Amino acid sequence: ADDSGDEEPASQSDKSELHGPLKTLSSKLEDLSTCNELIAKHGAALQRSLSELENLRLPADSGEKIKAVNERATLFRITSNAMINACRDFLDLAESHSRKWQRLLQHEREQRIRLEETIEQLAKQHNSLERACRGAPGLASATASAASTAKGSVQSAKGEASDEDEETEYFDAMEDAPAFITVTADPKHHRRSGSNLSGASEGHPEDWNLEDSVFESSNQSSYNESMGKDLLPRKRRRSRIPDKPNYSLNLWSIMKNCIGKELSKIPMPVNFNEPLSMLQRLTEDLEYHELLDKAVKCESSTEQMCFVAAFSVSSYSTTVHRTAKPFNPLLGETYELDRLEELGFRSLCEQVSHHPPAAAHHVYSRRGWTLWQEITIASKFRGKYLSIMPLGAIHLEFHSSGNHYVWRKVTSTVHNIIVGKLWIDQSGEIEIVNHKSKDKCQLKFTPYSYFSRDVPRKVTGVVSDADGRAHYVMSGTWDEKMECSKILHSSHGSTSTEGKQKTVYQTLSPKVLWRKYPLPENAENMYFFSELALTLNEPEERVAPTDSRLRPDQRLMESGRWDEANVEKQRLEEKQRAVRRRREAEAVEALEEGKDYEGYIPLWFERRVDAVTGELICVYKGGYWEAKDKQDWSVCPDIF
Numbered sequence: 001a002d003d004s005g006d007e008e009p010a011s012q013s014d015k016s017e018l019h020g021p022l023k024t025l026s027s028k029l030e031d032l033s034t035c036n037e038l039i040a041k042h043g044a045a046l047q048r049s050l051s052e053l054e055n056l057r058l059p060a061d062s063g064e065k066i067k068a069v070n071e072r073a074t075l076f077r078i079t080s081n082a083m084i085n086a087c088r089d090f091l092d093l094a095e096s097h098s099r100k101w102q103r104l105l106q107h108e109r110e111q112r113i114r115l116e117e118t119i120e121q122l123a124k125q126h127n128s129l130e131r132a133c134r135g136a137p138g139l140a141s142a143t144a145s146a147a148s149t150a151k152g153s154v155q156s157a158k159g160e161a162s163d164e165d166e167e168t169e170y171f172d173a174m175e176d177a178p179a180f181i182t183v184t185a186d187p188k189h190h191r192r193s194g195s196n197l198s199g200a201s202e203g204h205p206e207d208w209n210l211e212d213s214v215f216e217s218s219n220q221s222s223y224n225e226s227m228g229k230d231l232l233p234r235k236r237r238r239s240r241i242p243d244k245p246n247y248s249l250n251l252w253s254i255m256k257n258c259i260g261k262e263l264s265k266i267p268m269p270v271n272f273n274e275p276l277s278m279l280q281r282l283t284e285d286l287e288y289h290e291l292l293d294k295a296v297k298c299e300s301s302t303e304q305m306c307f308v309a310a311f312s313v314s315s316y317s318t319t320v321h322r323t324a325k326p327f328n329p330l331l332g333e334t335y336e337l338d339r340l341e342e343l344g345f346r347s348l349c350e351q352v353s354h355h356p357p358a359a360a361h362h363v364y365s366r367r368g369w370t371l372w373q374e375i376t377i378a379s380k381f382r383g384k385y386l387s388i389m390p391l392g393a394i395h396l397e398f399h400s401s402g403n404h405y406v407w408r409k410v411t412s413t414v415h416n417i418i419v420g421k422l423w424i425d426q427s428g429e430i431e432i433v434n435h436k437s438k439d440k441c442q443l444k445f446t447p448y449s450y451f452s453r454d455v456p457r458k459v460t461g462v463v464s465d466a467d468g469r470a471h472y473v474m475s476g477t478w479d480e481k482m483e484c485s486k487i488l489h490s491s492h493g494s495t496s497t498e499g500k501q502k503t504v505y506q507t508l509s510p511k512v513l514w515r516k517y518p519l520p521e522n523a524e525n526m527y528f529f530s531e532l533a534l535t536l537n538e539p540e541e542r543v544a545p546t547d548s549r550l551r552p553d554q555r556l557m558e559s560g561r562w563d564e565a566n567v568e569k570q571r572l573e574e575k576q577r578a579v580r581r582r583r584e585a586e587a588v589e590a591l592e593e594g595k596d597y598e599g600y601i602p603l604w605f606e607r608r609v610d611a612v613t614g615e616l617i618c619v620y621k622g623g624y625w626e627a628k629d630k631q632d633w634s635v636c637p638d639i640f
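Per UniProt numbering, the very first residue in the sequence shown carries number 1; after that it's consecutive.
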C-alpha cells in the first residue's frame, strides 16, 4: 500500500475486485467438470471397447498390449477425477481467504484514513501556531533571543532533528560495516593516547614525515599557484541573486495525495523548488575539484584513494541546508560548465530519460582526470520524510596512471515534511574501488540519532590495498571536513556489544584533506547557495538553446516572480507531455507496421556497456564543444 500511490477505491468496487476472480475460477471449474464428465464417459466407452477386444481370439502379445492400454485408460480417468477434486479444494480455499483479505483491506483503509486525519489535524495546528507566533511580536523576539542564547549548545545542535528517532530505518542496512578504533601515536615515542576519530583532529599535521607526499604541499595558495600557471585569471562572476520571496502555501492540500508516489511524477509548484535544475545540482559535485587535481600528483595509489574519498564526501556539503527541490530537467535539456581556461575543466550534463529521470554527466580536466556518470533519481514520499536514492555508478579515471575509480552515492533523507523544520541527512555506505590496483575505501555515513554521543553527520572509513591491508583511516563529517590518518600498526581489540570484533589502528596525527568553504553573506535568503551555486544559473552567451540557464520558469523563479513561474512551468510540462504522446503514437504505428522503433536518442551521449562494471551506461560521444565553437545548434530540439 505504501508504494501504490493510488486513491483508495470504494468498498463496493473492492468487493467486486475480490469476488470477480472467484466467479472466474468457479466458471473455469465448471468447464473442467464438464470436461471430466466427457473424459469419464468416453473413458468408459474406451474400456468397454478394449474389454471386447480382449474377448476376441487374438495373438497372445496383442492381448497383453490391449490389457496394458486398458489399465492406462483407468489410470487416466482416476487422475482426471483427482484433478477436479484438487480444483474444488483450491476454490474453497480461495473463497475462505477472500473473506480474510477483505477484512484486512478494510482494516488497512480505516488505519490510513485515521492517519491522514491525524496528520491533517497536526498540519492545521502547526499552521495556527505559526500565525499566533507571527501575531505576537514580544513572543517572537523572546523566541529569537532564546535561540541565539542556546546556539552551540547540545540542545541546539540536536534541535535540527526530528523528535522521533529515525535510526532504526537505516542501521539494519549497515550492520556489516567494519568496526574500528583509532589511537594516535606520537611519531617520536610512539606513545598511545586515548583519542578516538573525532578527537584525533587535535593532532598536529607536522608529525607526518612522508617524503614526496602530496599531503606535504606547503599550503593551499602555493599549490594553486603551481597548478594554475598555465591558466587564465578567473572571470568575475556574480556573488548574489535576488532574495527568496516569502510566499505562504497550503502544504497539506498538495502532500495528502503524494504518499507513496514517485516524486518525479508529482506536479509541484515552484514554491517547493530552488532556482536550479537537477543538472546544475549534479554539476555542483565539482565544487571541490581541486581535490582531484591534487590526487593527480600522488605517486601512491592508496594516497590517491584518500583524495578521491574526500572528493566523494565533499559533494554532500552543499546539501546540509538545501532542503528545496531542484527543477526536474526536461527531456533533452543540457547544462554546460566551461571552466577550461580558468579552472582547467569543462563539464556537460544532458537529461537522457524522463521516466525514470536520468541524467548523464561528463567532465574533462586538462589537469589529468576525467569523470563521468549516469544518475537516476528514485524518490519516495513516506508521509513524515522523503527518501532520495541516487542510482548509478560514478567513474573517475586519471590519465597518467590509468587508475579507474568507481563508487555510488548514499541515500539522502529529508525529514519533517509535514510538521516542523525541514532537515536533511545522509546515510549508508560508499565503497570506492580502484579497478586497476584493486585498492578499496569503505566509507560509512552514520545516520543521525538523537541519543547518539557521536558527532552529527559523521563519516568514517578505511583505505586498504588489494591484499586487504589497511593504510589510512578517513574521518570527519560530510558537512564540514574530512581528515586522513596514516596507519602505523593494527591489532584486534575487544568484541563490541553487537558481537563484532573491533580493529584497533595506531595512527599518526591526522591531516585535513578537505574543508568546506564558508557560505556567502546573506546565503539564508538566497536558498543557502554556495559561491559556486550562485554562478551556475548566471546567463552566459554561446550556450546551447537547450541549456538550463535558458529555461524560462527557472529564470522567473530566480527573479522572484513565482506566480508567472508556475504558469510557465505548467506550459513547459504540457509541451513535454505532448511530445511524449506523439512519440508513443509513433511507437505504436511502427509496431503495427512491424518496424523497430528506437525511441528517444540522446544528443551528446550514447549507451554503451561499461567495460569495468558491465552495466549499460550513457557516455559522452563527442560533438558538443565543436558545435559550440561553430555555434551550430541545428540538432538541438525546441524544448523551451
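The C-beta atom is built at its ideal place from N, Cα and C for all residues, glycine as well.
These numbers were taken from a predicted model, which means no experiment stands behind them.
Boundaries of the beta strand (DSSP E) around V352: F345 to S353. Counting only runs of 3+ residues, the beta strand (DSSP E) found wholly inside the segment 483–553 occupies 501–507 and 511–515, in chain order.
W604 counts as buried, since at least 16 other C-beta atoms from the protein chains shown sit within 10 angstroms of its C-beta. Note on the segment 33–115: there is no whole beta strand (DSSP E) run with a minimum of 3 residues. In this structure, the beta-carbon distance from S300 to I432 does not fall below 8 Å. Taking the C-beta atoms as reference points, A45 is found no nearer than 8 Å to R77.
About 26 Å separates the Cβ atoms of R382 and I394, ruling out a contact at the 8 Å cut-off. About 7 Å separates the beta carbons of M278 and F327, which is inside the 8 Å limit, making them a contact pair. Per DSSP, the unbroken beta strand (DSSP E) holding Q426 starts and ends at W423 to N434. Nearest C-alpha to R542 among A611, Y335, W423 and D243: Y335. About 6 Å separates the Cβ atoms of M557 and N273, confirming a contact at the 8 Å cut-off.
When only Cα atoms are considered, R72 and S80 end up about 12 Å apart. Using a 10 angstroms sphere on the CB of N434, the tally of other CB atoms reaches 16 or more, which defines it as buried. Within the model, the alpha-carbon separation for E598 versus K630 is close to 29 Å. Within its own chain, the residues whose Cβ lies closer than 6 Å to the Cβ of I418, once the five positions on either side in sequence are excluded, are I119 and A123, listed in chain order. By the Cβ neighbour-count rule, C35 is exposed, with fewer than 16 other Cβ atoms within 10 Å of its own. For M474, the enclosing beta strand (DSSP E) begins and ends at A470 to T477. If you ignore the 5 residues before and after L616, its C-beta comes within less than 8 Å of the C-beta of R607, R608, V609 and D610, all in its own chain and listed in chain order. Put simply, the backbone Cα of E290 is about 38 Å away from that of N566. For V363, the enclosing beta strand (DSSP E) has its first and last residue at A358 to S365. A Cβ-Cβ distance of about 14 Å is found for the pair S347 and L276, leaving them out of contact under the 8 Å criterion. Using a C-beta cut-off of 8 Å, the segment 470–487 makes contact with the segment 306–324, since at least three inter-stretch Cβ pairs fall below that distance. Contact between the segment 302–312 and the segment 355–369 is absent, with fewer than three C-beta pairs closer than 8 Å. The residues R237 and R238, in chain order, have a CB closer than 8 Å to that of T535 in the same chain once the five nearest residues on each side in sequence are set aside.
The beta carbon of G402 sits closer than 8 Å to those of K436, all from its chain and outside the five residues before and after it, given in chain order. Counting other Cβ atoms within 10 Å of its Cβ, S634 stays below 16 and is therefore classed as exposed. For A378, the secondary structure class from DSSP, reduced to helix, strand or coil, is strand. Looking at P233, V462 and L38, the one whose alpha-carbon comes closest to that of K502 is V462.
Taking the Cβ atoms as the reference, I66 lies roughly 5 Å from L53, within the contact range of under 8 Å.
For P390, DSSP records a beta bridge to I377.
Judged by their CB atoms, K511 and C484 are nearer to each other than the 8 Å cut-off. DSSP, reduced to helix, strand and coil, places F307 within a helical segment of the structure shown.
Bridge partners of R408 according to DSSP: A393.
T370 carries a strand assignment under DSSP once its states are collapsed to helix, strand and coil.
In the same chain as N525, and ignoring 5 residues on each side of it, the C-beta atoms closer than 8 Å to its own belong to D243 and K244, in chain order. Here P602 is buried, its C-beta having at least 16 other C-beta atoms within 10 Å.
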